[in-house]
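Here's the structure we're looking at; comments come further down.
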Amino acid sequence: MMDKISSLLLPLALVFAAIAVFETGARYGASNMRAHAIASELQLPLSIYISGQSNMDARATAQWTSIIDHSIATGAIHRQLWYLNEEAKSQLDKALTIALSVRGDATANRYELIAKSGEEPSGLSEAKLKEIQSAIDSAKVELIDNAPKKDEADQLKDSV
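Note that the sequence shown covers residues 282 to 441 in this note's numbering.
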């Protein structure tokens with residue numbers, strides 16, 4: 282009886298190992314594709330907002346800023362994944378840099394006001410709001426505040 286069970290253990294272990302490897306690969310690939318999708322989905326609202334901001338009424342501006350702020354929050358949280366590859370993170374960082382430059386502190390302030398109001402919009406808990414706010418603040422510091430200036434970036438390119 283024990284011989285039959287022990288002869289099944291190795292194939293069973295191999296099956297579970299294959300499932301684990303497949304799941305890890307699928308998660309890695311899906312996360313990278315999602316980073317590309319977030320970056321590309323952010324480009325259209327940003328271009329509309331930037332080009333039409335002077336011609337928009339208050340309601341349209343509020344709608345576009347809401348869409349952009351939601352995408353910034355999604356991208357800021359997603360960029361914290363440790364297993365994003367360089368290309369996906371680079372695309373996401375480019376889009377977030379532009380969006381955070383355009384929106385300034387308004388995005389972080391929006392989520393801060395929501396957290397302070399005590400209301401939980403669309404099922405967001407206080408912990409999730411703090412996570413969003415922290416991710417946005419971190420992205421802003423890394424991409425805007427601590428970004429190399431144009432002269433420094435040119436020097437880095439020349440040295441490479």
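Just so you know, even glycine gets a beta-carbon here, dropped at the ideal spot from N, CA and C.
Bear in mind that the values here come from a model prediction, so they are computed numbers and not experimental data.
Classification of D374 by the beta-carbon crowding that lies within 10 angstroms, buried from 16 upward: In the sequence shown, residue 374 corresponds to position 93, counting from 1. Classification for D374: buried.
Do A416 and I358 have their beta-carbon atoms positioned less than 8 Å apart in this structure? In the sequence shown, the residue the question calls residue 358 occupies position 77. In the sequence shown, the residue the question calls residue 416 occupies position 135. Yes, the Cβ-Cβ distance between I358 and A416 is below 8 Å.
Tell me which residues share the same chain as K370 and place their Cβ nearer than 8 Å to its Cβ, disregarding the 5 neighbours each side in the sequence. Here residue 370 refers to the residue found at position 89 when the sequence shown is read from its first residue. A316, R360.
Contact between the segment 345-356 and the segment 319-335 (3+ Cβ pairs under 8 Å): yes
Report buried or exposed for G306, applying the criterion of at least 16 other Cβ atoms within 10 angstroms of its Cβ. As a first step, residue 306 is located in the sequence shown; it is residue number 25 there, counting from the start. Answer is exposed; the Cβ neighbour count stays below 16.
Are there 16 or more other CB atoms within 10 angstroms of the CB of D439, so buried, or fewer, so exposed? Position 158 of the sequence shown holds residue 439. Its pLDDT being 49, under 50, D439 is placed unreliably in this model, and the coordinates cannot settle the point.
Terminal residues of the continuous alpha helix (DSSP H) containing V302? Reading the sequence shown from its first residue, position 21 is the one you call residue 302. Start and end: 283-333.
Would you mind giving the Cβ-Cβ distance between L377 and I353, rounded to the nearest angstrom? I have them listed as a contact below 8 Å. Translated into positions along the sequence shown, residue 377 becomes position 96. Translated into positions along the sequence shown, residue 353 becomes position 72. Yes, they are in contact, since the Cβ atoms of L377 and I353 sit about 6 Å apart, within 8 Å.
C-alpha distance - E368 paired with K285, whole-angstrom precision: Walking along the sequence shown from the start, residue 368 turns up at place 87. Walking along the sequence shown from the start, residue 285 turns up at place 4. Roughly 49 Å between the two C-alpha positions.
Per-residue DSSP class, three states only, for A343: Residue 343 sits at position 62 when you count from the first residue of the sequence shown. Correct three-state label for A343: helix.
Only counting the same chain, and skipping five residues up and downstream in sequence, which positions put a Cβ closer than 6 Å to that of I413? Here residue 413 refers to the residue found at position 132 of the sequence shown. A354, Y392, listed in sequence order.
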